[in-house]
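As given, the protein sequences belong to chains A and B, one line each in that order.
Using the working numbering, the first residue of the first sequence is number 118, and each one after it goes up by one.
Using the working numbering, the first residue of the second sequence is number 118, and each one after it goes up by one.
Virtual Cβ for every residue (Gly too), placed ideally from N, Cα, C.
Step one of this worksheet: look at the structure below.
Number of protein chains: 2
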Amino acid sequence: MSFLILFLLVLAREAMADVSSNPISASDTLTLDGIRDSLIRQENSIVYSLIERARFPLNRQIYLQNNASIPGFSGSLVEFIVRETEAIQAKAGRYENPEENPFFPESLPRPLVNPHKYPKDLHPSGASINMNKAIWEFYFDKFLPLLVADGDDGNYAATAASDLACLQALSRRIHCGKYVAEVKFRDAPKEYETPIRSKERDTLTKLLTFVAVEEMVKKRVEKKAMVFGQEVTLNNTNEGGKHTIDPSLASRLYSEWVIPLTKEVEVEYLLCRLE
Amino acid sequence: MSFLILFLLVLAREAMADVSSNPISASDTLTLDGIRDSLIRQENSIVYSLIERARFPLNRQIYLQNNASIPGFSGSLVEFIVRETEAIQAKAGRYENPEENPFFPESLPRPLVNPHKYPKDLHPSGASINMNKAIWEFYFDKFLPLLVADGDDGNYAATAASDLACLQALSRRIHCGKYVAEVKFRDAPKEYETPIRSKERDTLTKLLTFVAVEEMVKKRVEKKAMVFGQEVTLNNTNEGGKHTIDPSLASRLYSEWVIPLTKEVEVEYLLCRLE
Chain A
118 MSFLILFLLV
128 LAREAMADVS
138 SNPISASDTL
148 TLDGIRDSLI
158 RQENSIVYSL
168 IERARFPLNR
178 QIYLQNNASI
188 PGFSGSLVEF
198 IVRETEAIQA
208 KAGRYENPEE
218 NPFFPESLPR
228 PLVNPHKYPK
238 DLHPSGASIN
248 MNKAIWEFYF
258 DKFLPLLVAD
268 GDDGNYAATA
278 ASDLACLQAL
288 SRRIHCGKYV
298 AEVKFRDAPK
308 EYETPIRSKE
318 RDTLTKLLTF
328 VAVEEMVKKR
338 VEKKAMVFGQ
348 EVTLNNTNEG
358 GKHTIDPSLA
368 SRLYSEWVIP
378 LTKEVEVEYL
388 LCRLE
Chain B
118 MSFLILFLLV
128 LAREAMADVS
138 SNPISASDTL
148 TLDGIRDSLI
158 RQENSIVYSL
168 IERARFPLNR
178 QIYLQNNASI
188 PGFSGSLVEF
198 IVRETEAIQA
208 KAGRYENPEE
218 NPFFPESLPR
228 PLVNPHKYPK
238 DLHPSGASIN
248 MNKAIWEFYF
258 DKFLPLLVAD
268 GDDGNYAATA
278 ASDLACLQAL
288 SRRIHCGKYV
298 AEVKFRDAPK
308 EYETPIRSKE
318 RDTLTKLLTF
328 VAVEEMVKKR
338 VEKKAMVFGQ
348 EVTLNNTNEG
358 GKHTIDPSLA
368 SRLYSEWVIP
378 LTKEVEVEYL
388 LCRLE
């Protein structure tokens, strides 16, 4: 009997593993389907992180320069927390994974753990592309004021930590453009060669753009914000009711920033692909 | 026209603020309803954090003692990351908030920011109760092996960071027992006085137990795991379909650990309440 239960538990976990989609680098071969599965799963992480950030008001204090009396540090509190947390995570090997890109890559400490062997799927020149400066700017300057209400509840550390979770989820998603570009290039190298050699960014962007797919992604992200952000009571689920974040904002995030920046990563990647 | 849009945006954000339930300490007066709203909102954070942890396999490496070559440090990698991240967040004032309790309270650095003025709702003796050792033990030794599949994908830093998110969400929820106990005591001080003076833990536990409420909480958490962990596609939402975590595990987490430990916090708090 207990063996049967154990067997059922193993089966159930196997089934769950399908959904908790693996990182790209865990797959043996790089395929567009594999990358798409990962991107779809990452939408969930992005939506959860936005919902969690929206628990707090803006807490403007943490974004002001020189507002914390930190010896030898003149940035904002959020910059301090992101820098220091990235340094710890670097020691644990976070940035050995080619899917992860630090916001403050200068003088990160070396990993203290034996590095995992990640497959070398990316072209070396393109692997180091880092678009985090643009992500940082749109997130704090444009998006955050749309996401949260003004106000101060004193939860500065928790707020900054949840900003970091949003930034990391967005950064991971946007830099997946490197893998998308690599696979698309491998599938049709001849198609890309001419515009790469003549550095025709617009032609490359057009080759990489599928409006119908983008529309589907935007709609799905909006639906996820609706489903994951709904008020759940025992009596009913209420997708149409109150939400912790405005679902259309998730769609706008993708439309205005995530999708364009992913394509920018793809174009930059392709431009180095023949080096 | 643009003024109308701005006005509608403000209205929409006001409506959202209702759902993104504030921390307990943000309320002017401590009420059981206020605490319950916060606990209900915290269920969401717990469920999101479990779903996010379940993206990764166990990654056993990070839980082994002495496995990282960190100068002057002999614990596990996860302990290193939690300790160091807590230290950074302490500098940003996280533990000035009486709702937050560190896992490694020894020698935390002082905050570098002006502390927020949190209302002093708790009795001083009870305010310092810290049940995080018990939370750490059940989470890593009992719960985590049920949540994730065995395996190693090398994402050690991201895995440890998501463990920290789970631990912090659970710790916050369980230590809310202090506020629950404070309000219940204020509502009926005479009822609690005798068992407090004679240190009758069992009587206090009975006074604090409402089986019907506990059943409701367990069912709601299971439902949240089902709703927030479902696979969302554009064609349909599918609560009954695949899930990123087994919904019954969320209920079991509450039943076996979260609810009993919260009551332990409540009892410990009451036992100091007349000091």
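When rounded, the separation of the alpha-carbon atoms in Glu196/A and Val230/B is 14 Å.
Counting only Cβ-Cβ distances below 7 Å, His233/B has contacts in chain A at Gly271, in chain order.
Against chain A, the CB of Gly210/B has a partner CB under 9 Å away; the residue lies at that interface. The bridge partners DSSP lists for Gln347/B are His360/B. Contact of Ser162/B with chain A by beta-carbon distance below 7 Å involves Glu169. Around Met333/A, the beta-carbon contacts reaching into chain B at under 7 Å are Leu351.
Shown here, Ser245/A sits in coil according to DSSP, grouped into three states, outside any helix or strand. For the segment 238-268 of chain B, the residues whose beta carbon sits under 7 Å from a beta carbon of chain A are, in order, Ala266. Sequence-distant Cβ neighbours of Asn161/B in its own chain, meaning closer than 6 Å and more than five residues away, do not exist here. Between the alpha carbons of Pro241/B and Arg390/B lies a gap of roughly 9 Å.
In this structure, Ala342/B and Pro364/B form a Cβ contact; the two beta carbons are roughly 4 Å apart against a cut-off of 8 Å.
For Leu366/B, the secondary structure class from DSSP, reduced to helix, strand or coil, is helix. The shortest CA-to-CA distance from Arg158/A to any of Val334/A, Asn176/A and Trp374/A is the one to Val334/A.
9 Å or more divides the Cβ of Ile313/A from the Cβ of Ile252/A. In this chain, the alpha helix (DSSP H) harbouring Gln285/A covers Tyr273 to His292. By the rule that beta-carbons nearer than 9 Å mark a contact, Lys323/B does not touch chain A. Listed along chain B, the residues sitting closer than 7 Å to Ala277/A by beta-carbon distance are Ala209. Gln182/B is outside the set of residues whose beta carbon lies under 9 Å from a beta carbon in chain A. Within chain A, the residues whose beta carbon sits less than 7 Å from that of Leu194/B are Ala209 and Val230, listed in sequence order.
At least one CB of chain A lies nearer than 9 Å to the CB of Val344/B. In terms of Cβ geometry, Tyr273/B and Gly151/A do not form a close pair [threshold 9 Å]. Taking a contact to require three or more Cβ pairs closer than 8 Å, the segment 277-287 of chain B and the segment 166-173 of chain B qualify as touching. Contact annotation for Arg337/A against chain B: Val349, Thr350 and Leu351 [CB-CB distance below 8 Å, chain order]. Counting of Cβ neighbours within 10 angstroms places Glu201/A among the buried residues, the total reaching 16 or more. Residue state for Tyr180/A is assigned as helix, using DSSP reduced to three classes. Note that the C-beta distance between Gly294/A and Tyr235/A is not below 9 Å.
Counting only residues of its own chain and dropping the five nearest sequence neighbours on each side, Glu217/B has a CB closer than 6 Å to the CB of Arg211. By the rule that beta-carbons nearer than 9 Å mark a contact, Arg172/B touches chain A.
The beta carbon of Ile376/A sits no closer than 9 Å to any beta carbon of chain B.
Nearest in C-alpha terms to Val265/A, of all of Arg177/A, Ser191/A and Val375/A, is Arg177/A.
Per DSSP, the continuous alpha helix (DSSP H) segment holding Phe197/B begins and ends at Leu194 to Lys208. For Leu263/B against Leu366/B, the beta-carbon gap comes to about 6 Å, under 8 Å, which counts as contact.
Taking the Cα positions, Leu149/A is about 18 Å away from Thr322/A.
Judged by beta-carbon spacing, Glu383/B lies beyond the 9 Å limit of Ala329/B, meaning their Cβ atoms are not closer than that value. At a C-beta separation below 7 Å, Glu201/A has these neighbours in chain B: Ile205.
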